[in-house]
Each structure stands twice: as structure tokens, then as C-alpha cells.
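Residue numbering for the sequence shown is 61 to 514, as defined by the working numbering. Note sheet for the following structure.
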Amino acid sequence: MMYYALLSGGSGTRLWPLSNGARPKQYVKLVNREVNSMDRCSMLQRVWDQLKDAQMADFTVITASEAQRELIESQVPGARIAPEPARRDTFGAVLLSCAYLHSRMGASREDYVAVMPVDPYTEAAYFEAVKGLEEAVRRSGAAVGLLGVKPSYPATKYGYMVPKEHKEGYAWIQSFVEKPEEAEAAELIRQGALWNCGVFCLRIGAMLDRVAAYGVPEDYQGLCTAYERLPRISFDYEVLEKEERLAVVEFEGFWRDLGTWDAMADQMSTDTVGKVLLDDTCRNTQVINELKVPVVAVGARDLVVVAAQDGILVTDKAEASRVRELVAELKTRPMFEERRWGTLETLDDTEAAQTSTLTRKIHIFDGMSSSYHYHENRDEIWTILKGTGELILEGNRIPLSPGKAVCIRRNQRHAVKADRDFEYIEIHVGTSVGNEDIHRITFAWDEIERSLIL
Numbered sequence: 061m062m063y064y065a066l067l068s069g070g071s072g073t074r075l076w077p078l079s080n081g082a083r084p085k086q087y088v089k090l091v092n093r094e095v096n097s098m099d100r101c102s103m104l105q106r107v108w109d110q111l112k113d114a115q116m117a118d119f120t121v122i123t124a125s126e127a128q129r130e131l132i133e134s135q136v137p138g139a140r141i142a143p144e145p146a147r148r149d150t151f152g153a154v155l156l157s158c159a160y161l162h163s164r165m166g167a168s169r170e171d172y173v174a175v176m177p178v179d180p181y182t183e184a185a186y187f188e189a190v191k192g193l194e195e196a197v198r199r200s201g202a203a204v205g206l207l208g209v210k211p212s213y214p215a216t217k218y219g220y221m222v223p224k225e226h227k228e229g230y231a232w233i234q235s236f237v238e239k240p241e242e243a244e245a246a247e248l249i250r251q252g253a254l255w256n257c258g259v260f261c262l263r264i265g266a267m268l269d270r271v272a273a274y275g276v277p278e279d280y281q282g283l284c285t286a287y288e289r290l291p292r293i294s295f296d297y298e299v300l301e302k303e304e305r306l307a308v309v310e311f312e313g314f315w316r317d318l319g320t321w322d323a324m325a326d327q328m329s330t331d332t333v334g335k336v337l338l339d340d341t342c343r344n345t346q347v348i349n350e351l352k353v354p355v356v357a358v359g360a361r362d363l364v365v366v367a368a369q370d371g372i373l374v375t376d377k378a379e380a381s382r383v384r385e386l387v388a389e390l391k392t393r394p395m396f397e398e399r400r401w402g403t404l405e406t407l408d409d410t411e412a413a414q415t416s417t418l419t420r421k422i423h424i425f426d427g428m429s430s431s432y433h434y435h436e437n438r439d440e441i442w443t444i445l446k447g448t449g450e451l452i453l454e455g456n457r458i459p460l461s462p463g464k465a466v467c468i469r470r471n472q473r474h475a476v477k478a479d480r481d482f483e484y485i486e487i488h489v490g491t492s493v494g495n496e497d498i499h500r501i502t503f504a505w506d507e508i509e510r511s512l513i514l
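And the structure:
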């Protein structure tokens, strides 16, 4: 039996300023759902649709940080999610995925799992190739089977796998080369090297056996409790570099990693998104604008320009891979966030010694609701802009409609539900306006209503 784990826990800072800690790159809705399509979705949504088409989704778990659970639930409702209680790189994520498949989805120790990244831009044949990894591992007796993409050009941003001893349907791996210079990449291709697309397959029991070495439980819940005892290390360093029995299956179809702005721009079916005026003198330039003000580009060459609430990026496509390192030191509050129930846009964030303020525009989708929570160190003032909804405030139901204003004092328990497309401005005033002062009681609206009856 074959199961699948989709690793979706990265922070995605390489696509700053559109992605941030609250909305990593794999959840940004900028990917063409189909080639040359104007219908845009996130990387996660596109891959999930392809998994469903390949009849793999029912056997797949998505592994990501607990903070990303809401985004996943909103973008792919009904998917199985294995939240990571802490960051432990890809080795811990793979262990946790196997524990979830074994404990929660009925996988046996003798079943196999194919682990996949969430950010490839590829075709249906790729997923059929992933399915074939189990047979290659069984036939070869390899500890791990990997999927390698036949290169179409000497890329310097991908890792390479050099094969040896070609067999029927697979080859043994001789060595790995990480992001070579162009001349070396060309030589590697001449030798038959393949791009490493980060897909690998192994027996679930083999990974669970590794759990014992760290003195932690192998069931999912127990592993979550002891998760921080695992090493913070990648699967490549902990397993692949130490294992000699590695086999690779070649995939000859279309594949791209959308990890950088130049790759993202290449798959766009239009050169502009948002309020943009791109002059005819521009060449090989894409402009993405999430702001309400216009962006005008004249005479631009080989650029990606991105304007978002978190900042403005102007990069030469050849240097786009450096964005991640350049913005690593930025420590600012995300100005735009997506949640399972809607979106938050920060309009003003002012910190002071005695009193801080935070002003946000909240949009709640039809029928969705916030958590039931309270704040210890701030008051809130709401002004309703559009739509209708209901506020539950300390056991009282309060109908909400445009023009209505509500004051919520510190320590008052409250939650809001939208009847139809609902927007309001909320102003927080207090000594603390950060997420550390959000004390959640429950996310379930029916539980809140039951508490009112009691």
C-alpha cells in the first residue's frame, strides 16, 4: 500500500513581500491553476487538485506548522493535517508524517510513503511517476527511492543526482551535487545527472524504527509531546547523506520549482497583476501589485516588481534567489494575513511606552466565525463597514450591521460570525496589542452557543 506526505511547513520568505510568516509562499494565490490560465490559486491548492485527479488525495497527509493549520483548512477543506508542534526541519516532519499515517490513517509498518514538497509546478505524469516509486524501491531493495527530473537546461538553482548502474526502471545514485555553477551543471547533464526535485519514497516502518533512537514515542500524539527532543536537521543530512542504498527513478516531463520570483514570474499568464501600468518599453518584466495605489513601470528590463502591504520589491530576475537572505533580518508584523475564516489587513501599528494601538480591517467570509477569546491588556472598538453578522459578548447576542459601533473591554469573552460578506474596522488600545495577548477558548461556534444555553 502506498501513502503520501505533502510537506507544506516552509516560511516562504523567498517570495517576500507577498509571502510572510502568516502567509508563506505556498499559500499565496498567484499560481495559474492550469497552464496559460487566468484562474489563480495557491501552490497548495494546485498540487492538491492534481493529487485528487491522480486519486492520491485520500491517502495523503499534509504536514505543516500548527500556525498554518487555519490556512490549510481554508484552502483545501477536508484534507488530513499533521500539525508540527515546533520547527524541526524536514527530518522531524517526515517522522511526524509517518507517525500520523500509522496512528491516524491505518498505514502499516510495511506500507510505503512518498514524501513530496508542496511547491512544484508540474503535470499529471509527475504524480504517476511518484506512484511508481514504491515498485522501484521494492524491486531494487533500496533504502530510499528518489524521483529525479531530466534537466532541460544547466540550472544553477537546483541540486543534481548523478546515477550509476542503470537497471530496468531505476538507477543507483552515485553522488549528489548541490547548486553547481553553470559549466559544472552542463557537465553533470552530459554525465546523465538528474535534477533533485525533493521527492523520495521509503517504508513507513523504517522511519518509525528511527524514532526509538531518540527515546520518543512512535505514535503521533506521543511524538508531538516529545517533538522538541528530535534534532533540528534536514532529511537529506540525517538520512540521504548517510545511506548507500539509494535508487532514483527518472521523470522526463515538465517540472519547475516555484521557489523564487523569477520562477514564479515565468509561469504567469499575464505580465501584470493588480493596478499596474506597464509601458510598451518594458521587456521581460512582471509587476504584481496588491496595493490600492497604482504602480507604473517604464523602460524596465528583466525585472520582477512586487508591491504589497509588507513592502516593495524590485529585483533583477537573475538576482531573485538572493531575496531570502536580504529580508531575513526584517522583523516586522505581517500587514496582511489569511485565516480559515477570512483576512486581516493592518492599517496602522503604533507602539508606545504606555499605550499601543493597532488598527485593522477584518473581512469574514459568509457563514464563518472567529474564535471565542479574550484579551487581558487591551480594549477594542469595532465599526461595521458592510454585511451583517452576530457578536457574542459575555453571553449576550448582539446583531451587527453597517454603521454600528461596539466597544469590547479587556477580559470580555467574544466571538463574531458573519451572516454574509462581513467587514469591519477594529482598533486595539492597550499595553499589549500582539498575538501573545489573545487567549482562545474555542473555535467551534456550536460550542459557544451551547455555553449560552447553559
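No residue lacks a Cβ here, since even glycine has one placed at the ideal position from N, Cα and C.
Requested in this report: Report the partner residues of Arg250 according to the DSSP bridge assignment.
Outcome: Within the sequence shown, the letter at position 190 stands for residue 250. Paired residues: none, contrary to the question.
* To do: Measure the alpha-carbon distance for Glu310 versus Val209 and round it to whole angstroms.
  => Walking along the sequence shown from the start, residue 310 turns up at place 250. Walking along the sequence shown from the start, residue 209 turns up at place 149. If you take the alpha carbons of Glu310 and Val209, they lie about 6 angstroms apart.
Mind the definition here: the segment 432-448 touches the segment 481-488 only if three or more C-beta pairs lie below 8 angstroms; say whether that holds.
yes
Subject >> Within 8 angstroms, strictly: CB atoms of His435 and Ile508 >> reply: Counting from 1 along the sequence shown, the entry for residue 435 is found at position 375. Counting from 1 along the sequence shown, the entry for residue 508 is found at position 448. Not in contact: His435 and Ile508 (Cβ atoms no closer than 8 angstroms).
Determine the contact status of Asp279 and Ser163, defining contact as a CB-CB distance below 8 angstroms. Locating residue 279 in the sequence shown gives position 219, counting from the first residue. Locating residue 163 in the sequence shown gives position 103, counting from the first residue. Closer than 8 angstroms, so yes.
| query | Which runs of the beta strand (DSSP E) spanning at least 3 residues fall entirely within the segment 178-243, listed in chain order? | reply | 180-182, 204-209, 219-227, 230-238
Next on the checklist: Buried or exposed for Gln281, going by 16 or more other Cβ atoms inside 10 Å?
Outcome noted: Counting from 1 along the sequence shown, the entry for residue 281 is found at position 221. Flag for Gln281 reads exposed.
Taking DSSP's pairing of strands, which residues face Phe151 in a bridge?
Residue 151 sits at position 91 when you count from the first residue of the sequence shown. Looking at the DSSP assignment, Phe151 forms no beta bridge with any residue, so it has no partner.
Self-check item: With 16 other Cβ atoms within 10 Å as the buried cut-off, status of Gln251
Solution: The sequence position of residue 251 within the sequence shown is 191, counting from 1. Exposed: under 16 other Cβ atoms inside 10 Å.
**Study point:** Under the three-state DSSP convention, the category Ser125 falls into
**Key:** Taking the sequence shown and counting its residues from 1, the one referred to as residue 125 is at position 65. Strand.
**Asked** Mind checking Gly166: buried by the 16 CB within 10 Å criterion, or exposed?
**Response** Walking along the sequence shown from the start, residue 166 turns up at place 106. Flag for Gly166 reads exposed.
Item to check | Ile141, enclosing beta strand (DSSP E) - first and last residue | outcome: In the sequence shown, residue 141 corresponds to position 81, counting from 1. Here the beta strand (DSSP E) through Ile141 covers 140-144.
Note to self: Given this structure, state the Cα-to-Cα distance separating Gly359 from Glu350, to the nearest angstrom.
What the structure shows: As a first step, residue 359 is located in the sequence shown; it is residue number 299 there, counting from the start. As a first step, residue 350 is located in the sequence shown; it is residue number 290 there, counting from the start. Whole-angstrom Cα-Cα distance: 22 angstroms.
* What is the rounded straight-line gap between the Cα of Leu386 and the Cα of Leu460? -> In the sequence shown, counting from the first residue as 1, residue 386 sits at position 326. In the sequence shown, counting from the first residue as 1, residue 460 sits at position 400. Their backbone Cα atoms lie some 44 angstroms apart in a straight line.
Exercise for the section: Pair every Cβ in the segment 484-496 with every Cβ in the segment 401-416, then say whether three or more of these pairs are closer than 8 angstroms. Expected result: yes
Going by DSSP, which residues form a beta bridge with Val91? Along the sequence shown, one-based indexing puts residue 91 at 31. DSSP lists Cys101 as partners of Val91.
As an exercise, report each continuous alpha helix (DSSP H) stretch of at least 4 residues that is fully enclosed by the segment 327-413, in chain order. 383-387
Chain-order list of residues whose beta-carbon lies under 7 angstroms from that of Asn344 (same chain, five-residue window excluded):
To locate residue 344, count along the sequence shown from 1; it is residue 284. Arg361, Asp362.
Sequence-distant residues of the same chain with beta carbon closer than 6 angstroms to Phe396, five excluded per side: Here residue 396 refers to the residue found at position 336 when the sequence shown is read from its first residue. Hits under 6 angstroms: Gln369, Glu405.
Legend entry - Endpoints, the beta strand (DSSP E) within which Val309 is located: For the purposes of this step, residue 309 is taken as residue 249 along the sequence shown, with counting starting at 1. Taken as a continuous stretch (DSSP letters only), the beta strand (DSSP E) holding Val309 covers 306-311.
ask   = DSSP beta-bridge partners for Val466?
value = By one-based count along the sequence shown, residue 466 stands at place 406. Val466 pairs with Trp442.
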